[in-house]
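In the numbering used here, the protein residues as written are 3 to 369. Remarks on the structure that follows.
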């Protein structure tokens with residue numbers, strides 16, 4: 003009977019391990035000394051090793067090469083108080099893409115008061131959070147686009163009259179007239195207002211997109227050629243790491259080139275405050291699932307705060323000095339990328355530069 007009981011226990015253990023190994027999320031068990039008691043295949047594969055090589059190691063050293071428990075980890079609360087805990091972990095990987103994980107720690111019941119164990123479950127929320135953000139932004143831009151179209155049309159007619167009359171006054175006045183400068187200021191202000199109206203109409207316009215398959219790298223290089231002289235004059239170096247043999251992307255290429263131009267010019271502008279080396283890095287690669295071409299455009303400028311990032315794709319929001327931008331460029335970029343079934347995101351922090359990440363579906367997968 004003892005041997006039968008041992009066989010049953012072994013079978014139950016193997017069944018439980020098979021169930022845990024079948025779960026794609028990283029899962030492991032630790033004791034109150036932070037030692038790994040058990041670990042599933044998903045977590046071991048992530049570290050390119052096997053579960054048996056990790057068991058008995060302390061988790062913070064095995065996973066993160068640390069000499070002390072991680073500051074963000076709340077598993078100690080679970081081990082001490084036998085209460086479940088949940089927290090979020092986010093970090094920026096080498097490819098500048100931010101990963102976000104929900105981590106949950108659950109106490110394992112034990113009859114021995116001195117023995118404490120917890121099971122830790124990680125769940126990747128990166129794609130889910132990115133989609134939530136994109137949907138929210140798309141809804142806001144759609145509503146603002148309708149409002150923008152109405153406002154632009156209402157302003158355009160009286161503004162045309164103001165500009166035309168200002169120009170006529172200048173024609174009939176001598177430059178020496180004491181009122182000439184005032185009329186010239188009216189004309190300049192009217193032209194600036196007209197530029198904003200044109201931007202509004204461009205932003206709100208439902209244009210026809212002519213999609214054809216082509217190489218993303220070629221469109222980026224063509225855009226670079228257009229601003230190469232400006233970048234040289236601004237002492238900006240281009241670091242290009244574009245992958246060869248990328249699959250074709252089906253796109254409206256004139257629209258897409260306007261996105262690259264906008265991002266490059268914005269990067270150039272933000273680098274004007276950098277006294278040392280000024281760099282724009284361009285990377286292209288295929289996503290891990292081979293469904294998207296990813297374009298990263300990164301500058302080593304001053305970066306942006308969380309408050310600025312929260313509004314960066316909103317119409318009329320700009321971090322540039324007054325008079326140097328309408329605040330419609332990135333909002334228009336967002337709309338164009340959305341029309342391609344793609345996504346545009348940004349990663350930045352003060353003093354760490356800014357990275358714009360554009361994801362475009364490969365040929366045949368346009369949304």
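Don't be surprised by glycine CBs; every beta carbon is placed ideally from N, CA and C. Here the structure is a predicted model, which is why all the values come from computation and not from measurement.
**Request:** Please say whether residue 30 and residue 2 have beta carbons closer to each other than 8 Å?
**Result:** The structure shown does not extend to residue 2, since the chain is modelled only from 3 to 369, so the question has no answer here.
**Asked** Which of the three DSSP states, helix, strand or coil, is assigned to residue 120?
**Response** Of the three classes helix, strand and coil, the one that applies to residue 120 here is strand, per DSSP.
**Message:** Once DSSP output is grouped into helix, strand and coil, what is the label at residue 49?
**Reply:** Coil at residue 49, not helix or strand.
**Prompt:** Among 168, 312, 55, which residue has its Cα nearest to the Cα of residue 188?
**Reply:** 168
**Item:** residue 352 beta carbon less than 8 Å from that of residue 305
**Value:** yes
**Asked** Which runs of the alpha helix (DSSP H), 4 residues or longer, sit entirely within the region 252 to 316?
**Response** DSSP runs (the alpha helix (DSSP H)) wholly in the region 252 to 316: 255 to 272, 308 to 311.
**Asked** When the Cα atoms are used, what is the spatial distance from residue 192 to residue 243?
**Response** 43 Å
**Item:** C-alpha gap between residue 179 and residue 355, whole angstroms
**Value:** 49 Å
**Prompt:** Closest Cβ-Cβ distance between residue 359 and chain B: below 8 Å?
**Reply:** Absent from the structure is chain B; it holds one protein chain and no more.
**Asked** Can you tell which of 292, 281, 271, 284 has its C-alpha closest to the C-alpha of residue 251?
**Response** 292
**Message:** Give me the DSSP bridge partner(s) of residue 231.
**Reply:** Per DSSP, none; premise fails for residue 231.
**Bridge-paired residues (DSSP) for residue 216** = 251
**Request:** May I ask you to verify whether the region 255 to 265 touches the region 306 to 313, counting CB pairs closer than 8 Å and requiring at least 3?
**Result:** no
**Message:** If I follow the unbroken beta strand (DSSP E) through residue 102, where does it start and stop?
**Reply:** 100 to 109
**Prompt:** Could you give the uninterrupted runs of the alpha helix (DSSP H) lying entirely in the region 23 to 73, keeping only those of 4 residues or more?
**Reply:** 43 to 48, 53 to 56, 61 to 66
**Asked** Given residue 222, which residues of its chain have a CB within under 6 Å of its CB, disregarding the five upstream and five downstream residues?
**Response** 262
**Message:** Helix, strand or coil, according to DSSP, for residue 165 in the structure here?
**Reply:** Residue state, collapsed to three classes: helix.
**Request:** Report the rounded CA-to-CA distance for residue 49 versus residue 65, giving the unit in angstroms.
**Result:** 8 Å
**Prompt:** Should residue 253 go down as buried or exposed, given a rule of 16 or more other Cβ atoms within 10 Å for buried?
**Reply:** buried
**Request:** Can you tell me the Cβ-Cβ gap for residue 282 and residue 361, rounded? I've got them flagged as a contact below 8 Å.
**Result:** That belief does not hold up - the Cβ atoms of residue 282 and residue 361 are roughly 19 Å apart, past 8 Å.
**Asked** Going straight from the alpha carbon of residue 280 to that of residue 80, what length do you get?
**Response** 48 Å
**Asked** Are the Cβ atoms of residue 301 and residue 334 separated by less than 8 Å?
**Response** no
**Prompt:** For residue 349, which residues does DSSP report across the bridge?
**Reply:** 357
**Item:** Residue of 227, 195, 102 minimising C-alpha distance to residue 125
**Value:** 102
**Message:** Between the alpha carbons of residue 249 and residue 259, how many angstroms are there, rounded?
**Reply:** 18 Å
**Prompt:** Buried or exposed: residue 320, going by 16 or more other Cβ atoms within 10 Å of its Cβ?
**Reply:** Looking at its Cβ environment, which holds 16 or more other Cβ atoms inside 10 Å, residue 320 is buried.
**Request:** Return the bridge partner residues of residue 125 from the DSSP annotation.
**Result:** 104
**Message:** Do residue 314 and residue 332 have their beta-carbon atoms positioned less than 8 Å apart in this structure?
**Reply:** yes
**Prompt:** Does the distance from the C-beta atom of residue 233 to that of residue 195 stay below 8 Å?
**Reply:** no
**Prompt:** Taking all protein chains shown into account, do 16 or more other C-beta atoms lie within 10 angstroms of the C-beta of residue 338, making it buried, or fewer, making it exposed?
**Reply:** buried
**Asked** Alpha carbon to alpha carbon, what distance is there between residue 119 and residue 39?
**Response** 9 Å
**Message:** Bridge partners for residue 90 per DSSP, in chain order?
**Reply:** 104
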